[in-house]
Amino acid sequence: MKQILPYFNIGSSFGGNQDWFRDISMRGGGCAAVTAIEVCIYLDLYKGASLCPFDARTVDKNDFLAFGKIIKPYLRPRLSGIDTLDIYIDGFGDYLKSKNAAVSISGVEGDTPYFEAVAALKEQIDSGYPVPYLNLHHKDKRFKDYEWHWFMINGYEDSANGVFVRASNYSDYEWLDFSALYNTGCDKKGGLIIIKTE
0 MKQILPYFNI GSSFGGNQDW FRDISMRGGG CAAVTAIEVC IYLDLYKGAS
50 LCPFDARTVD KNDFLAFGKI IKPYLRPRLS GIDTLDIYID GFGDYLKSKN
100 AAVSISGVEG DTPYFEAVAA LKEQIDSGYP VPYLNLHHKD KRFKDYEWHW
150 FMINGYEDSA NGVFVRASNY SDYEWLDFSA LYNTGCDKKG GLIIIKTE
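Take the sequence shown: its position 30, counting from 1, is numbered 29 in numbering that gives the first Met the number 0, and each next residue is one higher.
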């Protein structure tokens with residue numbers, strides 16, 4: 000079974016891109032903010048929300064950068080990065096409250112058993128919601144581009160070879176083996192964010 004969410008382009012870019020930020024701290028540590036901005040655009044486009052300070056149907060790079068300045072105080076880059084789900088939930092949650100949004104936000108910690116995490120991820124995407132995902136250290140070098148990084152998951156395929164997820168990152172996407180991604184082999188783990196409109 001394959002489930003792929005509709006998404007959006009910003010110009011020729013699939014979603015947003017952290018490298019666009021002119022602010023050095025955001026360019027180096029704004030990955031959490033990128034996912035929050037993308038969630039807001041997605042919810043405006045496909046769930047009838049009003050979270051963006053612009054028309055989500057015509058978002059361009061300048062809109063994205065302006066939104067980055069708005070989101071930064073809520074998900075500001077820091078020395079260790081936004082390295083826990085709680086920091087993300089508290090920060091993005093405060094932005095959602097500032098918009099009086101009927102949106103709930105929670106997390107599935109990275110030490111949750113795999114079968115529970117994959118079930119939560121599939122349920123979220125089946126319900127039409129993308130999944131912000133935090134990966135910290137990983138022993139598998141296939142995931143070196145995802146070290147200490149937030150990115151979006153907006154699709155999955157459940158096949159005889161396992162569950163693969165569509166990970167979007169830096170204007171593009173690729174399919175990743177979710178079991179291999181989730182089982183990092185490291186003590187400190189990230190996890191996934193659950194967003195729901197109420």
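Heads up, the beta-carbon is just placed ideally off N, CA and C, and yes, glycines get one too. What you are looking at is a predicted structure, and each value in this text was computed from that prediction instead of being measured.
When secondary structure is reduced to three states using DSSP, N61 falls in the helix class. Nearest in C-alpha terms to G106, of all of G190, G161, D59, G67, is G190.
Contact holds between the stretch 36–53 and the stretch 63–71, because three or more Cβ pairs, one in each stretch, are under 8 Å apart.
In this structure, the alpha-carbon of S178 lies about 27 Å from that of F91. One Cα belongs to W174, the other to N153, and the distance between them is close to 10 Å. In this structure, V58 sits away from I86, with a CB-CB distance that is not shorter than 9 Å. Of the residues assessed, S167 falls on the buried side of the cut-off, its CB having 16 or more other CB atoms within 10 angstroms. In the three-state reduction of the DSSP assignment, R56 falls in the helix class. The distance from the Cβ of L50 to that of K98 is about 6 Å, consistent with a contact at the 8 Å cut-off. Contact check for A100 against A48 passes: the beta carbons are separated by less than 9 Å. A distance of 9 Å or more separates the beta carbons of K195 and V162. For K96, no beta strand (DSSP E) encloses it; the enclosing alpha helix (DSSP H) starts and ends at 84–97.
At the C-beta level, I193 and V130 come within 9 Å of one another.
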